[in-house]
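One rule links them: number in this note's numbering = place in the sequence shown (from 1) + 225.
Beta carbons: idealized from backbone N, C-alpha and C, even for Gly.
Following: one structure in structure tokens, then a few remarks.
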Amino acid sequence: MGFTSLGLSAPILKAIQEKGYDTPSPIQAQAIPAVIEGKDVMAAAQTGTGKTAAFTLPILQRLDNGQRVKGNHVRALILTPTRELAAQIQDNIETYSRHLSLNSTVVFGGVKINPQMLRLRKGADILVATPGRLMDLYNQNAVKFDQLDVLVLDEADRMLDMGFIRDIRKILALLPEQRQNLLFSATFSDDIRGLAKGLVNNPIEISVTPANSTAKTVEQCVYPADAKKKAPMLVKLIKDGNWHQTLVFSRTKRGANRLSHYLNEQGITSAPIHGNKSQGARTKALSEFKSGDIRVLVATDIAARGIDIPQLPQVVNFELPNVAEDYVHRIGRTGRAGEAGKAISLVCAAEADDLFGIERLIQTVLPRIELDGYQPTNTVPESKLDTRPIKPKKPKKPKKPVAAHANKPSTNEGNKGNPSATPNKRRRRKPNSNASGNNANATKTNGNSGKPAGKPGQSRRRAAPKPAVKAN
């Protein structure tokens with residue numbers, strides 16, 4: 226079955242052909258006709274399955290036949306968890322709408338808001354946005370939703386994990402009730418179904434891959450290593466394997482910076498990409514990586530969401546993720562669209578539990594390879610596959626706003642749960658100011674407790690002054 230049978234117009238089909246595609250992926254074949262018909266859709270699809278085109282193509286088809294957009298208004302809204310994913314979706318929209326008279330724009334944080342406000346003045350047929358920046362623009366009257374026809378929540382599971390649920394609910398309250406809703410997620414967890422309950426109306430459910438599965442085209446393996454030898458081991462693998470394009474995952478931002486600096490010192494061009502980097506620096510690093518100007522991109526999990534590089538040969542887990550599901554998302558950056566790819570994990574003994582959790586999730590024991598000269602002194606325990614079902618994790622709760630200083634509770638119970646609040650200190654009892662004779666008695670203490678003698682709570686009265694004697 227080709228794209229011509231899905232109900233798409235000639236200009237869109239021309240753009241698809243120019244992109245080099247002729248056969249829709251399973252998620253595209255099921256979702257495109259349903260979206261064109263105006264039905265609500267809940268789709269479970271992993272990264273690399275073509276899900277972005279599964280909603281952008283039919284949205285373009287629907288909007289092309291509609292009314293013109295007014296200034297500051299939006300006809301279709303696509304919400305994403307990260308800037309990189311938002312930028313990637315915008316690139317797809319521009320590619321597929323090149324022969325249409327529709328306009329689109331993307332907004333996210335980390336850059337100046339004024340240029341985004343100027344672009345929205347003429348309105349946007351399609352707006353791709355991250356939740357926080359969208360609320361900023363709405364609060365400044367830069368975007369209106371009276372003309373909204375379609376809402377898309379992409380990677381809804383990641384948005385819940387990142388604590389965006391409060392912003393999402395605020396945005397939903399601003400939108401017109403009569404609209405089409407499309408929800409795309411890696412899985413249909415209980416939390417996702419809870420979100421969908423008040424969002425979609427009699428949706429068509431689409432699931433094209435088993436939950437938490439990895440692509441068969443990705444060759445996975447583990448290199449046991451001591452933590453201190455991981456960096457030189459990575460250098461040896463890159464140089465011996467003559468790797469020219471490698472995406473490396475680090476668990477922390479600081480670790481990404483350190484590793485990138487070390488690789489550059491070893492003559493391997495590299496750049497880090499994470500949330501502390503400016504949007505300009507992130508865009509530059511990604512562009513240089515795609516063009517081949519740098520060989521290695523060191524990324525954190527959140528920053529890597531939305532990185533779409535065709536035919537990426539290998540992905541390296543310099544450190545395993547704390548959350549097993551993130552492993553699936555990481556290695557989904559390679560082996561896309563049926564291409565072959567490699568996923569290499571450098572694992573030390575302290576990460577054994579993380580490794581076992583990943584193997585339990587994907588129901589596969591990953592093969593281990595020892596590199597000569599880098600055998601670990603601390604052995605990674607052997608894997609034993611656990612076939613028990615995994616309970617779904619609860620999403621992170623959004624942080625509560627810190628109360629104003631004047632309204633801070635005065636008791637320790639009131640400060641509970643607020644790490645920035647300082648506990649109330651006990652007031653010191655003022656020393657007794659009696660005469661020296663009385664002080665001698667006052668300083669006698671109980672041998673057992675170390676406290677002044679006398680009944681607890683009993684106050685010492687000052688002796689009444691003697692009446693003055695009148696002179697004769």
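Under the 10 Å beta carbon count, residue 449 is surrounded by 16 or more other beta carbons and is classified as buried. For residue 490, the uninterrupted alpha helix (DSSP H) run begins and ends at 478-490, by DSSP. Leaving aside the five residues that flank residue 331 on each side, the residues in its chain whose CB is nearer than 8 Å to its CB run, in chain order, 311, 312, 314, 315, 352, 353 and 354. Here residue 406 is buried. Its C-beta has 16 or more other C-beta atoms within 10 Å. When 264, 298 and 294 are compared, the shortest CA-CA separation from residue 283 is found for 264.
In the structure shown, residue 426 adopts coil according to DSSP, grouped into three states.
For residue 236, the enclosing alpha helix (DSSP H) covers residues 235-244. A residue is called buried once 16 or more other Cβ atoms fall within 10 Å of its Cβ, and residue 306 is buried on that count. Nearest neighbour of residue 444 by Cα position, chosen from 553, 251, 309 and 302, turns out to be 553. Residue 254 and residue 485 have their C-alpha atoms roughly 41 Å apart.
Fully contained in the segment 545-607 are the following alpha helix (DSSP H) runs of length 4 or more, in chain order: 549-556 and 577-587. Three or more Cβ pairs closer than 8 Å define a contact, and the segment 331-346 falls short of that threshold against the segment 410-429. By the criterion of at least three beta-carbon pairs nearer than 8 Å, the segment 296-303 is in contact with the segment 366-378. Note that the C-beta distance between residue 519 and residue 494 is below 8 Å.
For the 8 Å CB-CB criterion, residue 534 and residue 515 form a contact.
Rounded to the nearest angstrom, the Cβ distance from residue 451 to residue 328 is 54 Å, too far for a contact under 8 Å. At a Cβ-Cβ threshold of 8 Å, residue 252 and residue 431 count as neighbours. Within the same chain, 288, 294, 300, 301, 327, 328 and 329 come within 7 Å of residue 350 by CB-CB distance, once the 5 residues on both sides are set aside. If the five residues before and after residue 469 are omitted, its C-beta is found closer than 6 Å to the C-beta atoms of 520, all from its own chain and listed in chain order. Annotation: the continuous alpha helix (DSSP H) that includes residue 315 extends over 308-321. With respect to the 8 Å criterion, residue 540 and residue 555 are classified as neighbours on the basis of their beta carbons. Within the same chain, Cβ atoms closer than 7 Å to the Cβ of residue 250 are found at 274 and 275, the five residues on either side in sequence being excluded. Here residue 412 is buried, its C-beta having at least 16 other C-beta atoms within 10 Å. A Cβ-Cβ distance of about 11 Å is found for the pair residue 455 and residue 596, leaving them out of contact under the 8 Å criterion. For residue 497, the secondary structure class from DSSP, reduced to helix, strand or coil, is strand.
In the structure shown, residue 460 falls within a helical segment according to DSSP collapsed to helix, strand and coil.
Judged by beta-carbon spacing, residue 308 lies within the 8 Å limit of residue 504, meaning their Cβ atoms are closer than that value. The DSSP-derived three-state label of residue 360 is helix. In this structure, residue 280 places its C-beta atom within 8 Å of the C-beta atom of residue 377. When the beta-carbon positions are compared, residue 356 and residue 447 stay at least 8 Å from each other. For residue 471, the enclosing beta strand (DSSP E) covers residues 471-474. When DSSP reads this structure, residue 409 sits in a beta bridge with 268. By the CB criterion at 8 Å, residue 325 and residue 359 fall outside the cutoff.
In the structure shown, residue 250 adopts coil according to DSSP, grouped into three states. Close CB contacts of residue 318 within its chain, under the 8 Å cut and outside five residues either way in sequence, are with 281, 285, 329, 351 and 353 (chain order). For residue 394, the enclosing alpha helix (DSSP H) covers residues 390-399.
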